[in-house]
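Enquirer: Submitted below is the structure of interest, expressed as structure tokens.
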Amino acid sequence: MVLTGLWVVLALCAFAARAGMQVRTVQWQLDGRTYQGALIYDDAVAGKRPGLLMVPNWYGVNADAIAKAKRIAGRKYVILLGDLYGRGLRPANAAQARAAVGPLYGDRKEMRKRVTKALDVLRAQAASAPIDLRHLAAIGFCFGGSAVLDLARSGADIAAVVSFHGGLSTDDPALARQIKAHVLVMNGADDKGTMGDADAFMDEMRASPADWQFVVLGHAVHCFTEVGEDSPGCRYDARAARRSYRLMDMWLNDAFR
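Taking mature numbering (1 follows the signal peptide of the UniProt record, and there is no 0), I'd label the letters of the sequence shown as residues -19 to -1, 1 to 238.
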């Protein structure tokens, strides 16, 4: 009896050591190129939960993006951190990041193709991760915000997209007529890089069937969720970040209902 009890204790200890936030490498192929993202979720939580495709800023899949995905996933979501560049392309500075995003901003069809493939990969993870396929959404930051907005414009069959300080422009405003997702966009009032497109974006949304909301965060500039950024045009703002994450959760909860 004592021996049996000891084995139970050891088994529970082993489970506790394994349980917790998981970061699993996920690879996929598209047009002969290999992409490498990460699946992130807390496996100590019982039951399925919503799946989020998260497209990071222009630095792509790196340690900072994984840390952010862990914070967002918490006990609420399963996140696929999507790679839109391809395995091995991991910008180390702003110049490299600018070079990486340039071809995708120049070819929005290709951007939509890659982000759509990443969404398909998220769906496929339900075979081995606790994803509730009835509740899928996409979120993105900076460049990633542009990407998830293009995913919505492609007519993706997901509940919602949420863009944080993302680009608002499009190559084809008529695509917005295909939007099925609930669209939440949050940009800083003093973000000179994106707010110049705000009026055109709102006109695009008005002409769409989308349930949409455009939130302007006072005194915030670009990068307001990016911890560690501190330059005149790209600065972390703890208050704006905190508020925007709360808005995201409320928006997703409503969309999933």
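A virtual CB, placed ideally from N, CA and C, is assigned to each residue, including glycine. In this text the structure is predicted, and so the values were computed from the model without any measurement.
1) Return helix, strand or coil for S127, following the three-state DSSP convention.
2) Tell me whether the region 79 to 94 and the region 54 to 61 touch, counting them as touching only if at least three CB pairs, one residue from each stretch, are closer than 8 angstroms.
3) Find the nearest neighbour of A221 within the set G169, L34 and A107, judged by alpha-carbon distance.
4) Are R95 and L65 closer than 7 angstroms when you measure CB to CB?
5) Do the region 31 to 38 and the region 5 to 13 meet, that is, are 3 or more Cβ pairs less than 8 angstroms apart?
6) Tell me the rounded alpha-carbon separation between Y226 and F195.
7) Could you pull the DSSP bridge partners for M2 from this structure?
8) Based on the DSSP secondary-structure assignment, which residues constitute the bridge partners of N145?
9) Less than 7 angstroms between the beta carbons of A157 and R134, yes or no?
10) What is the rounded straight-line gap between the Cα of G125 and the Cα of D153?
11) Checking the sheet assignment: what are the DSSP bridge partners for T15?
12) Which same chain residues, not among the five before or five after W232, have their C-beta less than 8 angstroms away from its C-beta?
13) Taking only the alpha-carbon atoms, compute the straight-line gap between G67 and G121 and give it to the nearest angstrom.
14) Starting from the Cα of A236, find the closest Cα among A137, H116 and A75 and give me that residue.
15) So within the region 183 to 226, which uninterrupted beta strand (DSSP E) runs reach at least 3 residues, ignoring any that extend past its ends?
16) G63: which of F205, N43, H146 and G199 sits nearest, CA to CA?
17) If you drop the 5 nearest sequence neighbours on each side, which residues of the same chain put their C-beta closer than 7 angstroms to that of C204?
18) Anyone know if the C-beta pair for R30 and L20 falls short of 7 angstroms?
19) In chain order, what residues of the same chain lie with their CB nearer than 7 angstroms to the CB of V208, ignoring the 5 residues before and after it?
20) So the candidates are Q106, A108 and W39; which of them puts its Cα closest to the Cα of R79?
21) Output needed for V(-12): all residues of its chain with C-beta closer than 7 angstroms, excluding positions within five of it in sequence on either side, in chain order.
22) How many Å lie between F(-5) and Y16 at the Cα?
23) Does the Cβ of A25 have 16 or more other Cβ atoms within 10 Å, making it buried, or fewer, making it exposed?
24) Report the residue ranges of all alpha helix (DSSP H) runs contained in full by the region 33 to 98; include only those spanning at least 4 residues, in chain order.
25) Bridge partners for L117 per DSSP, in chain order?
26) Taking Cβ to Cβ, would you say M2 is nearer than 7 angstroms to K49?
27) Given that a residue counts as buried once 16 or more other Cβ atoms are within 10 Å of its Cβ, and exposed if not, what is S189?
Expert: On the basis of the supplied data:
1) S127 falls in the helix class under three-state DSSP.
2) No: fewer than three Cβ pairs fall under 8 angstroms.
3) In terms of Cα proximity to A221, the closest of G169, L34 and A107 is G169.
4) Contact flag set, yes.
5) With a cut-off of 8 angstroms on Cβ pairs, the region 31 to 38 is not in contact with the region 5 to 13, counting fewer than three such pairs.
6) Rounded to whole angstroms, Y226 to F195 spans 14 angstroms at the Cα level.
7) Beta-bridge annotation (DSSP): M2 is paired with D23.
8) The amino acid occupying residue 145 in the given sequence is Phe; Asn does not appear at that position. Beta-bridge pairing links F145 to F122 and M167.
9) In this structure, R134 lies closer than 7 angstroms to A157 by Cβ.
10) About 18 angstroms.
11) BP columns for T15 point to Q10.
12) Counting only residues of its own chain and dropping the five nearest sequence neighbours on each side, W232 has a CB closer than 8 angstroms to the CB of A141, V143, H163, L165 and Q194.
13) Whole-angstrom Cα-Cα distance: 17 angstroms.
14) When each option's Cα is compared against that of A236, the closest is H116.
15) Runs of the beta strand (DSSP E) inside the region 183 to 226: 193 to 198.
16) Residue N43 holds the alpha-carbon nearest to the alpha-carbon of G63 among F205, N43, H146 and G199.
17) Spatial neighbours of C204 in its own chain (CB-CB distance under 7 angstroms, excluding positions within 5 residues in sequence) are listed in chain order as C123, H146, E210, C215, R216 and Y217.
18) No; because the gap between Cβ atoms is not below 7 angstroms, this pair is not in contact.
19) Excluding residues within five positions, the ones whose Cβ falls inside 7 angstroms are Y217.
20) The shortest Cα separation from R79 among Q106, A108 and W39 belongs to W39.
21) In this prediction, V(-12) has a pLDDT of 43, which is less than 50 and means its spatial position is unreliable; what the coordinates show is noted afterwards. Non-local C-beta neighbours of V(-12) in its own chain, meaning closer than 7 angstroms and more than five positions away in sequence, are absent.
22) At F(-5) the pLDDT is 41, less than 50, meaning the model places this residue with poor confidence; the figure from the coordinates comes in the next sentence. Rounded to whole angstroms, F(-5) to Y16 spans 31 angstroms at the Cα level.
23) That one is exposed.
24) Taken in chain order, the complete alpha helix (DSSP H) segments of 4 or more residues contained in the region 33 to 98 are 44 to 54 and 75 to 87.
25) Partner(s): G32.
26) Result no, Cβ atoms of M2 and K49 do not sit closer than 7 angstroms.
27) By the neighbour-count rule (16 or more Cβ atoms within 10 Å), S189 is buried.
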